[in-house]
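S.K.: One structure is given below, represented as structure tokens, and several questions about it will come after.
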Ligand SMILES: Cc1cc2nc3c(=O)[nH]c(=O)nc-3n(C[C@H](O)[C@H](O)[C@H](O)COP(=O)(O)OP(=O)(O)OC[C@H]3O[C@@H](n4cnc5c(N)ncnc54)[C@H](O)[C@@H]3O)c2cc1C
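In my numbering, the protein residues as written are 146 to 530.
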């Protein structure tokens with residue numbers, strides 16, 4: 146995970162898996178309090194596009210979502226591997242060639258390496274995905290999945306020390322609650338508030354000409370949310386150096402694996418962040434793949450076909466589904482999804498019933514993160530195969 150300073154949600158489905166991997170103790174140390182099995186506010190939703198915003202819904206559940214500072218989560222995960230694998234940093238993959246016996250990797254620094262199975266976890270701009278689609282002859286139909294496409298949205302992000310927000314607005318709800326007027330929740334043992342505000346500028350697939358991520362003046366962030374409620378203004382005021390992210394994704398792929406090459410994480414299903422699920426899906430890929438590999442470890446060479454087929458059949462339908470749902474969830478929160486005609490941002494008197502219905506749909510869209518488990522889905526899929 147490349148991004149350093151921002152929050153990352155881990156939903157109960159992913160948390161359960163991290164616990165099974167024995168990471169509960171080390172990861173819980175990063176939280177102010179361990180997740181409790183009691184009614185907890187997951188998010189408070191507000192109609193915030195007007196002065197004096199309105200509370201629309203409190204999403205309450207027994208299983209809490211856990212929220213980390215991305216760099217802290219990443220460090221804890223890397224630390225947990227200590228002594229069990231070797232990292233070779235500063236090696237950028239340029240291309241690979243596959244023979245019947247192995248995969249030969251060529252790096253930008255001139256290094257060459259060989260392996261019997263290549264797992265491409267090289268992110269949204271994946272070189273492995275590009276090469277795999279071209280070499281596998283699976284390109285037909287997947288042409289639009291090689292390069293990421295702009296979703297038409299941008300997101301402003303920033304982190305605020307909690308104490309600063311308290312000084313600027315002592316009773317700001319975000320000092321106590323995770324909120325959705327923008328997406329706002331506490332990280333780093335609840336000492337920092339993570340803020341993300343997304344805006345649609347164009348339709349999916351439009352051309353984005355600027356840098357993908359850049360620091361922007363605070364005034365740009367303020368302008369996009371002019372007229373929004375006071376708490377939103379206070380959040381923006383507290384962010385000295387906001388960043389602007391053009392949100393990219395790929396189109397769902399028709400294969401996640403071919404011969405000796407497997408795609409994992411954003412390289413397989415880079416998605417927009419509206420379900421807060423991209424990193425979680427990457428972790429699921431890793432968990433399922435590790436389990437499949439361990440089952441075939443005695444005859445890896447003889448079982449390559451089974452390994453790639455199982456992985457692809459188990460992970461692709463779910464990864465692709467989350468990818469598309471994430472995009473649609475974004476359209477819902479921007480009031481541009483089909484069926485939301487009649488709702489528009491900034492409307493002081495919108496049809497409230499429709500707004501409540503929308504929030505019910507949005508919350509239900511996360512049911513999978515509560516009601517399903519990777520382990521049981523995986524066991525059932527393996528049994529079927
Ligand atoms: C605004 C925003 C908010 C988000 N919030 C959440 C959230 O709350 N919860 C959640 O689950 N997800 C969230 N995500 C999504 C999440 O950030 C990604 O899905 C996740 O980082 C994907 O992990 P990855 O390891 O597959 O890819 P990456 O994190 O992109 O890591 C890829 C790695 O590969 C390396 N690499 C790239 N190319 C090469 C090459 N050629 N050779 C060698 N190495 C290479 C990179 O340096 C990097 O280290 C969010 C994303 C955004 C933009």
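Heads up, the beta-carbon is just placed ideally off N, CA and C, and yes, glycines get one too.
Quantities reported herein were computed from a predicted structural model and do not represent experimental measurements.
Which whole runs of the alpha helix (DSSP H) in the region 290-327 are 4 residues long or more, in chain order?
M.R.: 307-313
S.K.: Rounded to whole angstroms, what is the Cα-Cα separation between residue 145 and residue 365?
M.R.: Outside the shown range of the chain, which is 146 to 530, sits residue 145, and nothing can be said about it.
S.K.: Going along the chain, which residues of its own chain have a beta-carbon closer than 6 Å to the beta-carbon of residue 262, five neighbours each way excluded?
M.R.: Cβ within range, chain order: 405.
S.K.: Do the region 269-280 and the region 320-331 meet, that is, are 3 or more Cβ pairs less than 8 Å apart?
M.R.: no
S.K.: Over the uninterrupted beta strand (DSSP E) stretch that includes residue 529, give me the two end residues.
M.R.: Where residue 529 is concerned, there is no enclosing beta strand (DSSP E), although the alpha helix (DSSP H) it sits in stretches over 519-529.
S.K.: Identify the continuous beta strand (DSSP E) that holds residue 532 and give its terminal residues.
M.R.: Limits of the chain in this structure are 146 at one end and 530 at the other, which puts residue 532 out of reach.
S.K.: Report the residue ranges of all beta strand (DSSP E) runs contained in full by the region 236-297; include only those spanning at least 3 residues, in chain order.
M.R.: 238-243, 248-252, 257-260, 263-265
S.K.: Kindly indicate which three-state DSSP category residue 331 falls into: helix, strand or coil?
M.R.: strand
S.K.: Label residue 156 either buried or exposed according to how many other C-beta atoms from any shown protein chain fall within 10 Å of its C-beta, with 16 as the threshold for buried.
M.R.: buried
S.K.: Which partner residues of residue 402 appear in the DSSP bridge assignment?
M.R.: Residue pairing of residue 402 in beta bridges, as defined by DSSP: 407.
S.K.: Residues in its own chain within less than 6 Å of residue 281 by CB, not counting five upstream and five downstream?
M.R.: Here the set comprises 403.
S.K.: Once you ignore the five residues that flank residue 527 on each side, which residues in its own chain have a CB closer than 6 Å to its CB?
M.R.: none
S.K.: Classify residue 147 as helix, strand or coil using the three-state DSSP reduction.
M.R.: Unreliable placement is indicated for residue 147, whose pLDDT of 40 sits below 50; no coordinate value is reported for it.
S.K.: Just to confirm, is the Cβ distance from residue 172 to residue 201 under 9 Å?
M.R.: no
S.K.: Enumerate in chain order the residues of its own chain whose CB-to-CB distance from residue 502 is below 7 Å, with the five nearest sequence positions on each side excluded.
M.R.: For residue 502, where only same-chain residues beyond five positions count, there are no Cβ hits under 7 Å.
S.K.: When you compare only the Cα positions, how much space is there between residue 474 and residue 301?
M.R.: 18 Å
S.K.: Is there at least one non-hydrogen atom of ligand 2 closer than 8 Å to the beta-carbon of residue 180?
M.R.: Of the ligands one can find in the structure shown, namely ligand 1, none is ligand 2.
S.K.: Would you mind reading off the limits of the alpha helix (DSSP H) that contains residue 173?
M.R.: 169-173
S.K.: Taking the CB atoms as reference points, tell me whether residue 256 and residue 236 lie closer together than 9 Å.
M.R.: Closer than 9 Å, so yes.
S.K.: For residue 442, is the classification buried or exposed, using 16 other Cβ atoms within 10 angstroms of its Cβ as the cut-off for buried?
M.R.: When all chains shown are included, residue 442 counts as exposed.
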